[in-house]
Amino acid sequence: MADPLTAAQLVAALKDEGCTVDEVGGWRTHNRNHKGPWGPVHGVMVHHTVTGPGADVVGLIYDGRPDLPGPLATGCITKDGTVHLTGNGRANHAGGGDGDVLAAVIGESYGDYPPPTHEHDGSAGAVDGNARFYGWECENKGDGKDPWPRVQYVAMVRATAAVCRAHGWGHRSAIGHLEWSDWKPDPRGFDMKDFRRDVAACLALPAGQWEGEDDPMPQYVNLGIDRPYRLTPGTWDSIELTREWTDETGDHSSGGSVFARGPARFTGSVGLRFDGLPAGAVVQVRMSEFQGSEHRADHPVHEIVGTEGGTFAVVPLTKRLASGRNMRVRLLNQAGVPVTVSSVVLTVLVWKET
């Protein structure tokens, strides 16, 4: 649940995400708020316009039709990739839809697709989508054969990610009109599962950095240890990652010390807790590259200094890894006495390279 963005916040979010923005005159006060509530908002809905060449598509979305007054969406994304802002508030774009779908979007609790929709405008159980969703009308004939230019598709992903990022939502807060109302076919020409994948990739990067199909989807790796162990003094020792919560790359062998294999880029961190590390004593941490089981290279050392009681640290993990290499985290106990490694939580995003 969230309060809607102000006009200024929406413009800033879109520009930060790298969108080209056209503010259509009067859009900041152009809405249908007098016909019903606007908010709380829960997501972004994607449509296609069903317009052909030569149509004033932006004017249509701003003004509407005789049977359906405008604005017909928050914005219209044209084939050149421009996001034309046409309304600030409630717009005639979503209509009635399925409450189960809304609940899944609010909870971001579904897999590739939200639950099947069984409601539409005018049906007894329909939920008012115009109050709950921002809407992008995307210029397209809508016949399933009209191509989506890359610059337009990238703008659609970025604009959707911009709203999600501004609200702190994930990619499952984006749905297509066909996933909301059981008699709507839009958008055609791409799969919303793939669209959400691209929104997720955009959100995984800092705002404005996603460039489209050349940026592969990162894979999530979350590893740790299933029980404390003793770290003896004086020897560099690889952490055996015996706990596997998530390993989307498949690069970690259960119980092994490898968390990434090249060719790949990765970024993340490892959180560590030590018990019995004397105050002022040091445990060093470093990433080390191996080729198979052979040690090949070391990366800069991070020093963790003991404190009274337990000692905690978070160490960044960021690197590019060449083909045939694998990466591990190694520890060196310089305390002179055994130390207990009581917790390890390693979390990285990995971009596989070819």
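One point on numbering: in full-length UniProt numbering, the residue at position 352 of the sequence shown is 352, and numbering is uninterrupted.
Even for Gly, the Cβ is constructed at its ideal location relative to N, Cα and C.
Query: Collapsed DSSP secondary structure at F195 in the structure displayed; Result: helix
Query: Distance, A260 Cα to V345 Cα; Result: 15 Å
Query: Residue from T246, A8, G99 with nearest C-alpha to P115; Result: G99
Query: Buried versus exposed call for G95 [16 or more other C-beta atoms within 10 Å across all chains shown]; Result: buried
Query: Local Cβ density within 10 Å of residue 425, reported as buried at 16 or more and exposed below that; Result: Nothing can be reported for residue 425: it is not among the residues displayed for the chain, which extend from 1 to 354.
Query: contact_flag[the segment 75-88, the segment 104-115] where n(CB pairs < 8 Å) is 3 or more; Result: no
Query: Top-ranked residue by Cα proximity to K145, from C164, T78, G52; Result: G52
Query: I106 in three-state terms, based on DSSP; Result: helix
Query: Member of G292, Q284, P37 whose CA lies at the smallest distance from the CA of R273; Result: Q284
Query: Spatially closest choice to V337 from E119, R320, A131, D275, by CA coordinates; Result: D275
Query: Sequence-distant residues of its chain with Cβ nearer than 8 Å to G212 (five each side left out); Result: R150, Y153, V154, V157, D198
Query: The segment 243-250 contacting the segment 220-235, beta-carbon criterion three pairs below 8 Å; Result: yes
Query: Helix, strand or coil at W169 [DSSP, three-state]; Result: coil
Query: Whole-Å CB distance - H93 paired with H47, under 8 Å assumed; Result: 6 Å
Query: Contact under 8 Å by Cβ, A207 with E23; Result: no
Query: Same chain only: Cβ atoms within 7 Å of E36, ignoring 5 sequence neighbours per side; Result: The question names Glu, yet the displayed sequence has Gly at residue 36. Cβ neighbours of G36 beyond the five flanking positions: R90, D128, N130, A131.
Query: Length of the line joining the Cα atoms of G75 and G268; Result: 35 Å
Query: Buried/exposed call for H252, threshold 16 Cβ in 10 Å; Result: buried
Query: Pick from S293, P4, M45, M327 that is closest to W38, judged by C-alpha positions; Result: P4
Query: Separation of A335 from A279, as counted between CA atoms; Result: 9 Å
Query: Span separating the alpha-carbon of L68 from that of G262; Result: 55 Å
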